[in-house]
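Here is the structure we will look at.
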Amino acid sequence: MSRAGASTLSEISHFGLASVLIPYPFARDNHQESNAAVFVRATAAEMLLESDATPEILTRLLMDLLNDECRRQCMAQRAREVFPRDSSQRVVSTIEKIGE
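The opening residue of the sequence shown carries number 20 in my numbering; numbering runs sequentially from there.
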């Protein structure tokens, strides 16, 4: 369970973690909800809006995830795939091409 800032999501992706994302509702331009939607579309996470969050809904989401190892593993694998693993090399290659 986490907010959906870019740094947090990059860590979730790097470590391959299944997650329930609760975007910070006051983030500028609602960017955390947009970030979380990328993971949801990739079936790498569940999203729960803070305005919809109740103890019962959150408990159900977490228990469903905890009780389904196959689903957690699938979400974890998909989370690993959201961000490219070779992003540093891509940046270096792009800079080198610009410098040519």
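From the three backbone atoms N, C-alpha and C, an ideal C-beta is built for every residue, glycine too.
- Item | First and last residue of the uninterrupted alpha helix (DSSP H) at residue 82 | 74-85
- Please check the pair residue 56 and residue 39, which I expect to be a contact at CB under 8 Å, by giving their CB distance rounded to whole angstroms. In fact, because the Cβ distance is near 14 Å, the residues do not count as touching under 8 Å.
- Query: residue 82: buried (16+ other C-beta within 10 angstroms of its C-beta) or exposed?
  - Reply: exposed
- Message: With the cut-off set at 8 Å, would you say residue 98 and residue 45 are in Cβ contact?
- Response: no
- Determine the direct distance from the alpha carbon of residue 37 to that of residue 91, and round the result to whole angstroms. 5 Å
- Message: Suppose the cutoff is 8 Å on Cβ atoms and the five residues either side in sequence are ignored; what does the same chain contact list for residue 103 look like?
- Response: 109
- Message: Using a Cβ-Cβ cutoff of less than 8 Å, which residues in the same chain neighbour residue 123 once the five nearest sequence positions on both sides are dropped?
- Response: With the chain represented from 20 up to 119, any question about residue 123 goes unanswered, as that position is not in the structure.
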